[in-house]
Amino acid sequence: MSNHFILTVGNQSAGVLALLQSMIARDANSWWHYMGNVWIICACEDIATWNAKISNFLRHYPNAQFFLLELEPHKSRNGLLPKEAWDWLKEHHL
Numbered sequence: 001m002s003n004h005f006i007l008t009v010g011n012q013s014a015g016v017l018a019l020l021q022s023m024i025a026r027d028a029n030s031w032w033h034y035m036g037n038v039w040i041i042c043a044c045e046d047i048a049t050w051n052a053k054i055s056n057f058l059r060h061y062p063n064a065q066f067f068l069l070e071l072e073p074h075k076s077r078n079g080l081l082p083k084e085a086w087d088w089l090k091e092h093h094l
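Taking this note's numbering, the leading residue of the sequence shown gets 1, the next gets one more, and so forth.
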């Protein structure tokens with residue numbers, strides 16, 4: 001069973017965010033990244049494991065902030081996103 005998390009990151013440069021993106025791409029089963037500092041991560045590990053991964057990565061960067069929230073399947077969602085973003089969410093029952 002996969003878990004899904006939404007991750008937002010603040011106060012970091014584009015270079016740090018690119019490195020974070022590489023870590024997410026390497027460690028997640030799947031991921032969604034259609035908005036600047038926001039990712040949805042699909043992974044087998046639990047939220048505590050991902051919190052530790054992200055904390056360990058960002059601890060090297062001053063003023064780093066992040067928010068990690070476990071997502072449950074939703075029946076209702078709205079916004080203005082590309083079709084590919086909606087397709088990914090549907091595929092993952094989010």
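The beta carbon of each residue, even a glycine, is placed where N, CA and C say it ideally should be.
- DSSP places Gly-15 in the uninterrupted alpha helix (DSSP H) bounded by 14 to 27.
- Under the 10 Å beta carbon count, Val-38 is surrounded by fewer than 16 other beta carbons and is classified as exposed.
- In the three-state reduction of the DSSP assignment, Ser-30 falls in the strand class, which pools E and B.
- Judged by their CB atoms, His-4 and Leu-68 are not nearer to each other than the 8 Å cut-off.
- At a Cβ-Cβ threshold of 8 Å, Ala-25 and Ala-43 do not count as neighbours.
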